[in-house]
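Student: Numbering (my numbering), first residue to last: 9 to 120.
My questions will all concern the structure given below.
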């Protein structure tokens, strides 16, 4: 399962997700997303950073406690260097700053 954490899925991302062969779940809050991670066979997380309801650092620490190597892709990444420096230490964390053509291609390689 691909877990998308967002309150609104961009049309470009929707088109890309149509090609993913796994089921897709969308969550808009920390509790529900952690429930899915704990209970479902989540293989990858796509975290939309334009959604302001969840702190990415808090989220990644919670994910690490549940499933230590679960890949997380942060899209629309625009956080400061301090937060980026902490998160980049995790080898299974990916960053995509914009969902332009190159960003979508990179995400496609990770997902498909």
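For each residue, glycine too, the CB sits at the ideal point set by N, CA and C.
List the endpoints of the continuous beta strand (DSSP E) containing residue 32.
Tutor: One-based indexing of the chain shown puts residue 32 at position 24. 32-35 is the extent of the beta strand (DSSP E) around residue 32.
Student: Got a sec, what are the start and stop residues for the beta strand (DSSP E) residue 11 sits in?
Tutor: For the purposes of this step, residue 11 is taken as residue 3 along the chain shown, with counting starting at 1. From DSSP, the beta strand (DSSP E) with residue 11 extends over 10-13.
Student: Assuming residue 45 and residue 69 make a contact with CB atoms under 8 Å, what is their CB distance in whole Å?
Tutor: Taking the first residue of the chain shown as 1, we reach residue 45 at position 37. Taking the first residue of the chain shown as 1, we reach residue 69 at position 61. Beta-carbon to beta-carbon, residue 45 and residue 69 are separated by about 13 Å, too far to satisfy the 8 Å threshold.
Student: For a test of the three-state rule: what should DSSP assign to residue 44, helix, strand or coil?
Tutor: Taking the first residue of the chain shown as position 1, residue 44 is located at position 36. In the structure shown, residue 44 sits in a helix (DSSP, three-state: H, G or I).
Student: Which runs of the beta strand (DSSP E) spanning at least 3 residues fall entirely within the stretch 66-91, listed in chain order?
Tutor: For secondary structure counted as the beta strand (DSSP E) over 3 or more consecutive residues, the stretch 66-91 holds these complete runs in sequence order: 80-83.
Student: Buried or exposed, going by whether 16 or more other CB atoms sit within 10 Å of the CB of residue 14?
Tutor: Position 6 of the chain shown holds residue 14. Flag for residue 14 reads buried.
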